[in-house]
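**Q** For the sequence shown, the residue numbers in this note's numbering are 1217 to 1719.
Don't be surprised by glycine CBs; every beta carbon is placed ideally from N, CA and C.
One structure, as structure tokens, below. Some questions next.
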Amino acid sequence: MNIVFAASECVPFSKTGGLADVVGALPKALAALGHNVSVYLPKYKQTKIADARTLLPSITIPFDDQYRFCSILDGGRQSGVQFYFIDYPQFFDREGLYGTPAGDYPDNAERFALYSRAVLEGCKTLGVPDVFHCHDWQSALVPVLLGSNYVEDPAFRNTATVFTIHNMGYQGIFPPDTLPLLMLPWDLFTIDKMEFWGRVNFLKGALAFSDAITTVSRKYSQEIQMPDPELSFGLDGVVRGRSESLFGILNGVDYAEWSPETDKFIARNYSPEHLEGKQVCKRDLLQQFGISTGNFELPVVGIISRFVAQKGFDLIAEIVSELARLPLIVTALGSGDREYEELFRKFNKQFPEKFAVKIAYDNALAHKIEAGADMFLMPSRYEPCGLNQMYSLKYGTVPVVRATGGLDDTIEPWDPTTKQGTGFKFTSYSGATLLATILEALQGFKDKAGWSKLMLNGMSKDFSWNASAREYLRVYERLKPSRHSQRDILAAEDTEEPKLVIR
Ligand code: ADP
1217 MNIVFAASEC
1227 VPFSKTGGLA
1237 DVVGALPKAL
1247 AALGHNVSVY
1257 LPKYKQTKIA
1267 DARTLLPSIT
1277 IPFDDQYRFC
1287 SILDGGRQSG
1297 VQFYFIDYPQ
1307 FFDREGLYGT
1317 PAGDYPDNAE
1327 RFALYSRAVL
1337 EGCKTLGVPD
1347 VFHCHDWQSA
1357 LVPVLLGSNY
1367 VEDPAFRNTA
1377 TVFTIHNMGY
1387 QGIFPPDTLP
1397 LLMLPWDLFT
1407 IDKMEFWGRV
1417 NFLKGALAFS
1427 DAITTVSRKY
1437 SQEIQMPDPE
1447 LSFGLDGVVR
1457 GRSESLFGIL
1467 NGVDYAEWSP
1477 ETDKFIARNY
1487 SPEHLEGKQV
1497 CKRDLLQQFG
1507 ISTGNFELPV
1517 VGIISRFVAQ
1527 KGFDLIAEIV
1537 SELARLPLIV
1547 TALGSGDREY
1557 EELFRKFNKQ
1567 FPEKFAVKIA
1577 YDNALAHKIE
1587 AGADMFLMPS
1597 RYEPCGLNQM
1607 YSLKYGTVPV
1617 VRATGGLDDT
1627 IEPWDPTTKQ
1637 GTGFKFTSYS
1647 GATLLATILE
1657 ALQGFKDKAG
1667 WSKLMLNGMS
1677 KDFSWNASAR
1687 EYLRVYERLK
1697 PSRHSQRDIL
1707 AAEDTEEPKL
1717 VIR
């Protein structure tokens, strides 16, 4: 099968979060199963490609005021996957991918509309796929364009679209005049397509026009259908309307990157059979954060995160004084919204011996935390999948998580009697419940034999991509007989022609 991935970030070329890990790994897993996979990415300032060759020097992208001309570069092949880069320095040669700590770039609609159109135009020369697999609002215009401006294009007559929601909290919402600016037709501005409270919503458009929709865990596919604005961000009705074409497929882990046995970034490699190296990593981690190794016996709680409201750190703020009195040390790495960066700086200032904080994006340090910590904390308000809890399991670093989305799907609560389970979970979103769960984990840590079993239970879990890649293939295969069914339904509604039925 020929598959094109359209996404705004991908390891090792660009990353702000888990999306990049997924787009870096899933295409490789699909290629390993014998499929022909290409990935189209924007070429950002942070994207480093050796000897990139220009394949298509001039792709015309219409805007209402002027045409813009971007090019497509050959990013070469890696692990059987072909990479292409949309090069338009005026839009992408910037410090951030989507904005700065002060906020989003004001021209994000134009930036990612140009990107999406360039993917379609590029494919016409470089190869039209059987399936476009698009991710998040930045590539949401690919299915929208295929169902509107490109609906008559014979090149894509047999191309289906799959759209993966990595996070419902980011929808790409812009003012209505974005439509004419991007040369998109006004008939997209209806409640069943892109209109959303008087504005244009890119993600909503993808939900309307894609042939199949996936989420990155099973639980999240259920949560976003609930009329709870904290989970569905107002699109629960739209998602429920597409529930027959909605699939929850858990993200996998790229164990070539995230395994204590081979990790290049950690002080000493280790394995379930030889756990000694983990102690070396713990010592190294404390040193990295400038903490006295005199406190070596205390459990270290790791945090690696984008610092945003979703991640639940206001719960830590509620209980910070109590936490500081407990026998533990927190090592936190993160960056993001100013408000949360300040919050962590404050924790560190108040309790320097207890809260070691680094405000940065630092991949090497992220690996050191996974390896050196005893526990890993994710108290998220919502979590579409979450990767760090799965990385933590492999590193014998016991997750303490809120039971939401992928965190709930991947962590089994520890039962000290049966010695079953892989971590600690709580449901109610409150500081008191978080504190009680941390106390439970500390109790568990005191029982050395029990804790070793708990670590080994987690280390034996296998979340590799192979199983998830096979599930995606099943979704792609399902679409074959009813290619662009959803697009045709919407087109039929406009023309009063008989409707196709989604199978
Ligand atoms: P999200 O996509 O919501 O940010 P995920 O858990 O799915 O959350 O993925 C986060 C990914 O980003 C992980 O690979 C994690 O290690 C990485 N990450 C997040 N913040 C940082 C940081 N400050 N430094 C290094 N890596 C980070």
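#1: Within 10 Å of its beta-carbon, does residue 1509 have 16 or more other beta-carbons around it, so buried, or fewer, so exposed?
#2: By alpha-carbon positions, which one of 1477, 1500, 1320 ends up nearest to residue 1491?
#3: Return the chain-ordered list of same chain residues with a C-beta closer than 6 Å to the C-beta of residue 1712, the five sequence neighbours on each side being excluded.
#4: So, with DSSP's three-state summary, where would you put residue 1656?
#5: Since residue 1523 and residue 1500 are thought to touch, with beta carbons under 8 Å apart, how far apart are those beta carbons, to the nearest angstrom?
#6: Just to check, is the beta-carbon of residue 1281 closer than 8 Å to a non-hydrogen atom of the ligand ADP?
#7: Which of helix, strand or coil does DSSP assign to residue 1411?
#8: Does residue 1458 get closer than 9 Å to chain B when you measure Cβ to Cβ?
#9: Which ranges would you report for the beta strand (DSSP E) in the region 1362-1449 if only whole runs of at least 3 residues count?
#10: Just to confirm, are residue 1286 and residue 1255 a CB contact at a threshold of 9 Å?
#11: Sorted by chain position, which residues of the same chain lie with C-beta nearer than 7 Å to residue 1660's C-beta, five sequence neighbours on each side aside?
#12: In three-state terms, what does DSSP make of residue 1550?
#13: I'd like to confirm the pairing. Which residues does DSSP put opposite residue 1350 in its beta bridges?
#14: DSSP has residue 1574 in a bridge; who is on the other side?
#15: Considering Cα atoms alone, identify which of 1386, 1401, 1302 is closest to residue 1450.
#16: On the DSSP letters alone, give me the boundaries of the alpha helix (DSSP H) that residue 1523 sits inside.
#17: Following the continuous beta strand (DSSP E) through residue 1328, name the residue where it begins and the one where it ends.
#18: Closer than 8 Å to a non-hydrogen atom of the ligand ADP - does that hold for the CB of residue 1453?
#19: Pop quiz: residue 1586 and residue 1607 are said to be a contact at Cβ under 8 Å. What is the actual Cβ separation, rounded to whole angstroms?
#20: Measure the C-alpha to C-alpha separation of residue 1429 and residue 1521 and round it to an integer number of angstroms.
#21: With H, G and I counted as helix, E and B as strand and the rest as coil, what does DSSP make of residue 1300?
#22: Taking 8 Å as the cut-off, does the CB of residue 1382 come closer than this to any heavy atom belonging to the ligand ADP?
#23: If contacts are defined as beta-carbon pairs under 8 Å, then residue 1544 and residue 1515 qualify, I think. What distance do you get, rounded to the angstrom?
#24: Going by beta-carbon coordinates alone, are residue 1393 and residue 1681 separated by less than 9 Å?
#25: Output needed for residue 1173: all residues of its chain with C-beta closer than 8 Å, excluding positions within five of it in sequence on either side, in chain order.
#26: Examine the Cβ distances between the region 1351-1364 and the region 1311-1331 and report whether three or more of them are shorter than 8 Å.
#27: Are residue 1257 and residue 1291 closer than 9 Å when you measure CB to CB?
#28: Does the beta carbon of residue 1607 fall short of 8 Å from some heavy atom of the ligand ADP?
#29: From what residue to what residue does the beta strand (DSSP E) around residue 1645 run?
#30: Return helix, strand or coil for residue 1261, following the three-state DSSP convention.
#31: Helix, strand or coil, according to DSSP, for residue 1283 in the structure here?
#32: Roughly how many whole angstroms lie between the Cα atoms of residue 1268 and residue 1277?
#33: Give me the Cα-Cα distance between residue 1266 and residue 1584, rounded to the nearest whole angstrom.
#34: Under the criterion of a Cβ to heavy atom distance below 8 Å, does residue 1237 qualify as lining the ligand ADP?
#35: Does any heavy atom of the ligand ADP sit closer than 8 Å to the C-beta of residue 1564?
#36: When DSSP builds the beta bridges, which residues end up paired with residue 1309?
**A** This is what the structure holds:
#1: By the 10 Å Cβ count, residue 1509 comes out exposed.
#2: Out of 1477, 1500, 1320, the CA that lies nearest to the CA of residue 1491 is found in 1477.
#3: Low local confidence applies: a pLDDT of 49 at residue 1712 is under 50, so the model's placement there is unreliable, with the coordinate-based value given in what follows. Correct list: empty, nothing qualifies.
#4: In this structure, DSSP gives residue 1656 a helical state, which the three-state scheme calls helix.
#5: No, residue 1523 and residue 1500 are not in contact; Cβ-Cβ is about 24 Å, not under 8 Å.
#6: Every heavy atom of the ligand ADP is 8 Å or more from the Cβ of residue 1281, so no.
#7: Residue 1411: strand per DSSP, three-state reduction.
#8: Annotation note: the requested chain B is absent from the structure, which comprises a single protein chain.
#9: The region 1362-1449 contains these whole beta strand (DSSP E) runs: 1376-1381, 1415-1417, 1428-1431.
#10: In this structure, residue 1286 keeps its C-beta atom at 9 Å or more from the C-beta atom of residue 1255.
#11: Only 1630, 1632, 1666, 1667, 1670 meet the Cβ criterion.
#12: Three-state DSSP puts residue 1550 in a strand.
#13: DSSP lists 1222, 1379 as partners of residue 1350.
#14: DSSP output for residue 1574 lists 1549 as bridge partner(s).
#15: Closest option to residue 1450, Cα to Cα, is 1386.
#16: Taken as a continuous stretch (DSSP letters only), residue 1523 belongs to no alpha helix (DSSP H), being part of the beta strand (DSSP E) at 1516-1523.
#17: For residue 1328, there is no enclosing beta strand (DSSP E); the enclosing alpha helix (DSSP H) has its first and last residue at 1324-1342.
#18: No, the ligand ADP has no heavy atom inside 8 Å of this Cβ.
#19: Contact holds; Cβ gap of about 5 Å.
#20: The alpha-carbon atoms of residue 1429 and residue 1521 are separated by roughly 26 Å.
#21: Under the three-state reduction of DSSP, residue 1300 is assigned to strand.
#22: In terms of side-chain proximity, the C-beta atom of residue 1382 is found nearer than 8 Å to a non-hydrogen atom of the ligand ADP.
#23: The distance from the Cβ of residue 1544 to that of residue 1515 is about 5 Å, consistent with a contact at the 8 Å cut-off.
#24: Going by C-beta atoms, residue 1393 is not nearer than 9 Å to residue 1681.
#25: What is shown of the chain runs 1217 to 1719, which leaves residue 1173 out entirely.
#26: Enough Cβ pairs lie closer than 8 Å, so yes.
#27: In terms of Cβ geometry, residue 1257 and residue 1291 form a close pair [threshold 9 Å].
#28: True, at least one ligand heavy atom lies under 8 Å from that Cβ.
#29: From DSSP, residue 1645 is part of no beta strand (DSSP E); its letter is neither H nor E.
#30: Residue 1261 falls in the coil class under three-state DSSP.
#31: The answer is strand: DSSP assigns residue 1283 an E or B state.
#32: Each residue's alpha carbon lies about 22 Å from the other.
#33: For residue 1266 and residue 1584, the gap between their C-alpha atoms comes out near 28 Å.
#34: Correct: residue 1237 has its Cβ closer than 8 Å to the ligand ADP.
#35: Because no heavy atom of the ligand ADP lies under 8 Å away, the Cβ of residue 1564 does not count as near it: no.
#36: When DSSP reads this structure, residue 1309 sits in no beta bridge, so it has no partner.
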